[in-house]
Amino acid sequence: MRKIDEAYEFIKDYIADKDYPPTIREIGDAIKVKSTSTVAYYLRKLEENNKILKGSYKNRSIQLMESVSVKPGNNALINMPYIKNIVEGKPLMAEQNIYDRFTLSASLFKGLDMFMMPVLDNSMKDSSILKDDIVVVSRQNVARNGELVVAIVGNGYVVARLYKEFGMFKLQPDNKENTPIYVEKLMILGKVVGVIRNKME
-10 MRKIDEAYEF
0 IKDYIADKDY
10 PPTIREIGDA
20 IKVKSTSTVA
30 YYLRKLEENN
40 KILKGSYKNR
50 SIQLMESVSV
60 KPGNNALINM
70 PYIKNIVEGK
80 PLMAEQNIYD
90 RFTLSASLFK
100 GLDMFMMPVL
110 DNSMKDSSIL
120 KDDIVVVSRQ
130 NVARNGELVV
140 AIVGNGYVVA
150 RLYKEFGMFK
160 LQPDNKENTP
170 IYVEKLMILG
180 KVVGVIRNKM
190 E
């Protein structure tokens, strides 16, 4: 097996086991490559091949881009957590955060470890995402410029478009009445892959 393939398999196994990605040094140790620049090269190639998404702003920032492809007409169902509040110090999928679970057709949305959260305000109304709508989120901790994400801000969370500007993160609302939020560090919960215009409460 090529070293780049070994690296990819290690990343998949590591995330499956620990629920967070490995560092470059851990990848190098696992595939017996001492040069961190060589490992970084492998990661760039994996990203070019749409195997991973690599954030450059922090160490553990590798996101797998694998997704299950569901054919039209497939009757497979998924049990999706509905998260209303995030308890400080608890993992995202801790039972304390999960308000309910809903069974949906797997063909409706495409993502990884998907969950749902309520929209708290009208900051995205120009994108037809309104207060009390439900966003379906693909769990990942990095995103590309312009992607719609759910991110932690202060003691809560926001739905906004993510941009990187002047060494900072900008969370851009789609509402002229709201101003962008700029932060130096950011915790991304995931990328929005769908919206449900229902109030599930």
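In this note's numbering, the protein residues as written are -10 to 190. By construction, the Cβ of each residue, glycine as well, lies at the ideal position given by its N, Cα and C atoms. On a predicted model such as this, the values are computed, not experimentally measured, just so you know.
Of the listed residues the options, nearest to residue i (C-alpha basis)
i	options	result
Lys209	Val22, Asp122, Asn74, Met105	The structure shown does not extend to residue 209, since the chain is modelled only from -10 to 190, so the question has no answer here.
Arg150	Asn74, Lys73, Asn167	Asn167
Asp2	Ala19, Met(-10), Asp110	Ala19
Leu53	Leu81, Pro70, Ile0	Ile0
Leu32	Ala65, Ile4, Asp6, Asp(-6)	Asp(-6)
Ser26	Asn38, Thr12, Asn39	Thr12
For residue i, three-class secondary structure by DSSP
i	result
Glu15	helix
Glu173	coil
Lys1	helix
Thr25	helix
Glu37	helix
Ser45	Caution applies to Ser45, whose pLDDT of 48 falls short of 50 and renders its modelled position unreliable; the model cannot decide the point.
Lys114	helix
Lys73	coil
Leu101	coil
Val59	Its pLDDT being 40, under 50, Val59 is placed unreliably by the model, and the measurement read from it follows with that caveat. Residue state, collapsed to three classes: coil.
Glu(-5)	helix
Asp121	coil
Leu109	coil
Cβ distance (whole Å) where residue i is taken to contact residue j below 8 Å
i	j	result
Val131	Ile118	21 Å between Cβ atoms; not a contact.
Met103	Val124	Not really, about 10 Å apart at Cβ, beyond 8 Å.
Test item: CB-CB of residue i and residue j under 8 Å
i	j	result
Leu42	Gln129	yes
Leu160	Pro169	yes
Leu97	Ser127	no
Ala95	Leu66	yes
Ile51	Pro10	yes
Problem - Contact between the region 134 to 141 and the region 163 to 182 (3+ Cβ pairs under 8 Å) - result: yes
Problem - Meets three-Cβ-pair contact criterion under 8 Å: the region 65 to 75 and the region 86 to 96 - result: yes
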